[in-house]
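Asker: I have a structure here, written as structure tokens, and I will follow up with some questions on it.
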Amino acid sequence: MDLWVVILVGVLALVAGVALGFFIARQYMMSYLKKNPPINEQMLRAMMMQMGQKPSQKKINQMLKAMNNQMK
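1 is the number of the first residue of the sequence shown in the UniProt record's numbering; add one for each residue after it.
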């Protein structure tokens with residue numbers, strides 16, 4: 001009977017640790033991406049120039065807004 005209790009406590013601790021680790025890592029990555037977005041206005045402008053387009057500020061703002069909406 002004592003062996004079952006030990007196994008049950010071990011499995012519960014393992015599941016709780018995995019769940020807690022997942023949520024902590026998820027929260028850390030969300031805050032990291034908010035502080036350091038993967039693409040900004042200068043990067044987008046350079047990318048469009050490399051593709052041969054002359055980006056207007058309006059088009060850059062539209063693309064940034066679309067990217068931000070997609071991340072939410």
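Glycine included, C-beta positions come from ideal geometry on N, C-alpha and C.
Quantities reported herein were computed from a predicted structural model and do not represent experimental measurements.
Starting from M71, trace the alpha helix (DSSP H) both ways and give me its first and last residue.
Answerer: From DSSP, the alpha helix (DSSP H) with M71 extends over 57 to 71.
Asker: Would you check if the distance between the CB atom of P37 and the CB atom of R45 is smaller than 7 Å?
Answerer: No, these two residues do not count as a Cβ contact at 7 Å.
Asker: Distance, Cα to Cα, E41 vs I60?
Answerer: So the two alpha carbons sit approximately 7 Å from each other.
Asker: Taking C-alpha atoms, which residue in K65, L8, L12 lies nearest to I39?
Answerer: Here the closest residue by C-alpha is K65.
Asker: Consult DSSP for I39 and reduce its assignment to one of helix, strand or coil.
Answerer: In this structure, I39 counts as coil in the three-state DSSP scheme.
Asker: Do you know offhand how far M43's Cα is from V15's?
Answerer: Rounded to the nearest angstrom, the two C-alpha atoms are 41 Å apart.
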